[in-house]
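K.L.:
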Amino acid sequence: MATLAILALLAWGLPRLLDWALWQAVWAPDVDACQAARGHGACWGVVAEKHRLILFGRYPFKEQWRPAAALALWIALGAWSLARAGRPGGGRVLPWAWIAGLLGGVLLLRGGFAGLPFVPTEQWGGLPLTLLLALVAIGLAFPLAIALALARRSGPPLLRGLSTLYIELIRGVPLVSVLFMASFIFPLLLPPGSNPDVLLRVLAGLALFAAAYLAEAVRAGLQAVPLAQAQAARSLGLTAWQVQRLVLLPQALRAALPALLNSFISTFKDSSLVTIVSLYELTGALGLALSGDPVWRPFKVEGYLFITAIYFIGCAAMSAGGRWAEARWRRGN
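Residues 217 to 549, numbered by our numbering, are exactly what the sequence shown covers, in order.
Here is the structure:
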């Protein structure tokens with residue numbers, strides 16, 4: 217019955233949706249045509265008119281080639297990482313490549329050298345900021361999560377208790393409160409005159425929050441590895457750290473890959489919450505693009521559908537890449 221109901225709903229709604237989104241839609245940035253099409257056709261002209269402000273936020277117009285270049289660099293790094301996944305030596309090369317790529321992208325965004333004008337982080341925004349927040353938060357959270365998982369599972373009692381307290385405390389509060397503390401409360405605790413950049417504070421909050429969830433995924437992977445694996449490794453003379461690094465962690469991370477990937481996707485989507493602390497990532501940049509323009513503001517639904525498609529493509533690409541890497545590892549490559 218449920219299947220028939222869903223099929224009936226699709227048969228009724230899909231033609232109407234396609235008619236609104238495609239056949240009756242206005243694609244040119246023509247306000248009069250969009251107003252005439254309201255109610256029976258979408259106005260994708262708002263995307264054509266505002267796409268640079270949506271994608272790059274308040275970044276100076278003449279310098280927007282720089283965030284575009286950083287964005288292309290990070291996407292290329294992601295594709296190259298998938299190509300290297302599972303190959304010998306890939307685990308040693310990829311971290312350094314990502315560190316160099318992220319630093320290069322940040323320097324390109326910041327400027328202040330080689331004739332590039334300096335652009336403060338307050339003017340960064342759009343899709344490059346969304347990717348930067350997600351990539352750096354995941355990169356910082358992942359090693360911290362491994363340390364927390366190892367400490368909670370097999371560390372000394374004091375370290376185990378502290379790691380457990382941290383994980384349960386962070387998982388028990390919403391990300392919004394963490395971002396508010398990082399942006400507004402943390403500076404009050406610092407000496408006068410020392411106020412780290414808001415982007416750095418937000419990145420730290422995102423990383424600490426993501427680490428708590430990733431740690432539980434890693435701990436679940438460790439528990440999935442049979443105890444005999446560790447006993448066999450110790451019988452061969454490996455130290456406790458070698459057992460963890462060479463035997464248990466590789467198997468645990470492969471077993472926990474679906475859960476880890478789910479946390480990565482959640483971190484990518486949670487980056488949209490930084491708008492509340494005045495960082496205009498993709499969602500905030502859309503609001504910025506339409507809030508001050510009463511001519512195009514009525515077509516905000518089309519704008520939100522545009523950034524929804526970007527988030528969907530990003531999440532689908534991460535999911536497909538994770539499945540591809542998992543299948544490749546299972547084949548023994």
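Backbone N, C-alpha and C fix where the C-beta goes; we use that ideal spot for every residue, glycine too.
#1: Distance check for Leu293 and Trp314, CA to CA, integer angstroms please.
#2: Could you pull the DSSP bridge partners for Gly341 from this structure?
#3: Entirely within the stretch 441 to 486 and at least 4 residues each: give me those alpha helix (DSSP H) ranges in chain order.
#4: Just grab the DSSP bridge partners of Val242 for me.
#5: According to DSSP, is Ala330 part of a helix, a strand, or is it coil?
#6: What's the C-alpha gap between Leu349 and Leu220?
#7: Check each candidate in Arg470, Leu364, Ala436 and Gln240 and name the one with the smallest Cα separation from Ala541.
#8: Leaving out five residues on either side along the sequence, give the residues of the same chain with a beta carbon under 8 angstroms from the beta carbon of Leu298.
#9: Would a C-beta distance cut-off of 8 angstroms place Val414 and Ser399 closer than the cut-off?
#10: In this structure, does DSSP put Gln251 in helix, strand or coil?
#11: Distance check for Leu506 and Arg268, CA to CA, integer angstroms please.
#12: Thr524: buried (16+ other C-beta within 10 angstroms of its C-beta) or exposed?
#13: What would DSSP say about Gly508, mapped onto helix, strand or coil?
#14: Roughly how many angstroms separate the alpha carbons of Arg513 and Arg387, rounded to a whole number?
#15: Taking the alpha carbon of Ala264 as the point to measure from, which residue in Phe515, Ala533 and Leu462 has its own alpha carbon closest?
#16: Nearest to Pro442 by CA position, among Gln460, Phe425, Ala431 and Ala316, is which residue?
#17: If you run the structure through DSSP and keep just helix, strand and coil, what is Gly530?
#18: For Glu279, report the span of its alpha helix (DSSP H) as first-last.
#19: Between which two residues does the alpha helix (DSSP H) carrying Val335 extend?
#20: Which word fits Ala468, buried or exposed, when buried means at least 16 other C-beta atoms lie within 10 angstroms of its C-beta?
#21: Which same chain residues, not among the five before or five after Ile526, have their C-beta less than 7 angstroms away from its C-beta?
#22: Let's see if you can read the secondary structure: which residues bound the alpha helix (DSSP H) around Leu391?
#23: Taking Leu473 as the reference, which of Ser535, Ala449 and Ala426 has the closest Cα?
#24: The alpha helix (DSSP H) spanning Pro231 covers which residue range?
#25: Quick one: what does DSSP say Leu188 is sitting in, helix, strand or coil?
#26: Can you grab the Cα-Cα spacing for the pair Trp545 / Leu378, in whole Å?
#27: Quick check on the DSSP output: the alpha helix (DSSP H) that includes Ala275 runs from which residue to which?
#28: Is it true that the CB of Ala361 sits closer than 8 angstroms to the CB of Ala431?
#29: If I'm right that Leu289 touches Gly320 with Cβ under 8 angstroms, what's the distance once you round it to whole angstroms?
P.N.:
Well, looking at it:
#1: 7 angstroms
#2: Tyr496
#3: Taken in chain order, the whole alpha helix (DSSP H) runs of length 4 or more contained in the stretch 441 to 486 are 443 to 451, 465 to 471 and 473 to 486.
#4: Cys259
#5: coil
#6: 43 angstroms
#7: Among Arg470, Leu364, Ala436 and Gln240, the Cα nearest to that of Ala541 belongs to Arg470.
#8: Gly537, Trp540 and Ala541
#9: yes
#10: helix
#11: 12 angstroms
#12: exposed
#13: coil
#14: C-alpha separation (whole angstroms): 37 angstroms.
#15: Proximity to Ala264 across Phe515, Ala533 and Leu462 peaks at Phe515, based on C-alpha coordinates.
#16: The shortest C-alpha separation from Pro442 is found at Gln460.
#17: helix
#18: Careful: Glu279 lies outside any alpha helix (DSSP H) and carries neither H nor E.
#19: From DSSP, Val335 is part of no alpha helix (DSSP H); its letter is neither H nor E.
#20: buried
#21: Leu343 and Leu498
#22: Leu391 to Phe396
#23: Ser535
#24: Ala218 to Leu234
#25: With the chain represented from 217 up to 549, any question about residue 188 goes unanswered, as that position is not in the structure.
#26: Roughly 34 angstroms between the two C-alpha positions.
#27: Before going further, note that residue 275 is Tyr rather than Ala in the sequence given. Here Tyr275 belongs to no alpha helix (DSSP H), and DSSP marks it neither H nor E.
#28: Yes, Cβ-Cβ distance for Ala431 and Ala361 is below 8 angstroms.
#29: That belief holds up - the Cβ atoms of Leu289 and Gly320 are roughly 7 angstroms apart, short of 8 angstroms.
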